[in-house]
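Numbering-wise, full-length UniProt numbering puts 156 at position 156 of the sequence shown, and it's gapless, one number per residue. Yeah, the Cβ is synthetic: ideal placement off N, Cα and C, and Gly gets one too.
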Amino acid sequence: MSEPTSKNGHTSESGRTAQRRRTRRAIVEATMSLLARGIEPSINDIADAAEVARRTVYLHFPTLDQLLLDATIGNLSTDTDTVIEQVDSDDPRARIRALVDALCANIGDTLPMGRRLVKLTVDTAPSTDDQPRRGYRRVRWIEWALEPLRKSLSPNEFENLVSSVALVIGWEAFIVLTDVRGMGPEAIGELCTRTAITLIDAADPTAHPTK
């Protein structure tokens, strides 16, 4: 399928971003599958399984360690996918609460790996093409939670809301609240949920009826 184009014939930025995210996801899922089969994959193994070039793998993951860590966390994140698949509410606030509850349910197991993943990203040379180097699962989950608002917001407003919520849900927020504030999983979950809902309320036009 070709990517969407703008009026001047150039591939749209959103189309390129979506394609990069799909490619990254395919690489991680291929790695997860190899790990689940007990294989310690090389870059060649992963590239073959994902049907991409070695260079493409390195564009998304500068080191094999970073990719293997991301894939391991991905295997641990299947519980989150299972939880959100069972949510039938169209209220983004209820969806956010379910998402944060799922993420915090196994924070004790995943936070140490989250720390390593953040460190690996920080220690890697900056990206030269503005491409996100991690966090695609987080973005996918947040987009799912906010989907009921998509039609009532402009594309830019929706993307800004996704970015805002990404600041308060994920490894970085969990690490700060654990290390700087000394909070436990339950308190972290409640604070992250409350903050995300505040952002949703501020962006949701239906939450501010005109007088």
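- Spatial distance of Pro-4 from Arg-16 (CA atoms): Residue placement at Pro-4 is flagged as unreliable, the pLDDT there being 43, under the threshold of 50; the coordinate-derived value follows with that caveat. Pro-4 and Arg-16: Cα-Cα distance of roughly 9 Å.
- Cβ contact check for the segment 107 to 118 and the segment 191 to 199: 3 or more pairs under 8 Å: no
- Item | Nearest-angstrom Cα separation, counted from Gly-189 out to Tyr-58 | Approximately 34 Å, taken between the alpha carbons.
- Query: Who are the Cβ neighbours of Ala-49 in its own chain at under 7 Å, not counting the five residues just before and after it?
  - Reply: Answer for Ala-49: Ala-30, Ser-33, Leu-34, listed in chain order.
- Have a look at Gly-182 and Ile-175 and give me their C-alpha separation to the nearest angstrom. Their Cα atoms are separated by approximately 10 Å.
- Item | Environment of Thr-110 [buried if 16+ CB atoms lie within 10 Å] | buried
- Query: Are the Cβ atoms of Ser-164 and Thr-206 separated by less than 9 Å?
  - Reply: no
- Would you mind reading off the limits of the alpha helix (DSSP H) that contains Ala-53? Careful: Ala-53 lies outside any alpha helix (DSSP H) and carries neither H nor E.
- Residue environment, Asp-70, which counts as buried when at least 16 other CB atoms sit within 10 Å: buried
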